[in-house]
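Colleague: The structure's right below; bear with me while I get my questions together.
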Amino acid sequence: MKRTLTFALGMLCTFALLFGATSCKEVVRSGHYVTTGTTSPNMAANIFVQSAVTAAIQEYNTTEMAELRTDEDATSVFRKFVSETKTKIEAMALPTLDDTWVDLNLMNLSEEIVATERLTIE
482 MKRTLTFALG MLCTFALLFG ATSCKEVVRS GHYVTTGTTS PNMAANIFVQ SAVTAAIQEY
542 NTTEMAELRT DEDATSVFRK FVSETKTKIE AMALPTLDDT WVDLNLMNLS EEIVATERLT
602 IE
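Next comes the structure, spelled out in structure tokens:
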């Protein structure tokens, strides 16, 4: 009886240590999506650029949002998205005025802003 209790207590302590060691750092993965924030007056007046930015955001939100990532990984993907979007829009050679920009926000599913990048169209 004493051996059985000692063995059971030993197993219980082992499980408690394993559980405690593995639960120290929780990796939180979530879906993320992009929204627009503040825009320059010139951006608000340019429907062509607005349409291009909106289309890029819709594409990102339908493809990348489904991926569950940590905030750090999602921020890295988001920054790459902003850079690629700037390149695509400038390659379209749309007419733009000076000082045309929009702030893009990366949000998690809890609706917290994870990152913000300014997309400047030249």
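Residue 527 in this note's numbering sits at position 46 of the sequence shown; the count goes up by one each step and never skips. Backbone N, C-alpha and C define an ideal beta-carbon position, used for all residues, glycine too.
Tell me the residue span of the beta strand (DSSP E) that contains Asp-580.
Modeller: Asp-580 -> no beta strand (DSSP E), and no H or E assigned at all.
Colleague: Report yes if the C-beta distance between Thr-516 and Asn-589 is below 7 Å; otherwise report no.
Modeller: The answer is no: Cβ separation not under 7 Å.
Colleague: Have a look at Ala-596, Ser-591, Leu-578 and Ala-555 and flag the residue whose alpha-carbon is nearest the alpha-carbon of Ser-521.
Modeller: Measuring from the Cα of Ser-521, the nearest candidate turns out to be Leu-578.
Colleague: Rounded to the nearest angstrom, how far is the Cβ of Thr-556 from that of Val-583, given a contact under 8 Å?
Modeller: About 18 Å; that fails the 8 Å criterion.
Colleague: Just the Cα atoms here: how many angstroms apart are His-513 and Asp-554?
Modeller: Each residue's Cα considered, the two are about 10 Å apart.
Colleague: Out of Met-573, Ile-602 and Asp-552, point me to the one whose CA is closest to Ser-591's CA.
Modeller: Cα-wise, what sits closest to Ser-591 is Asp-552.
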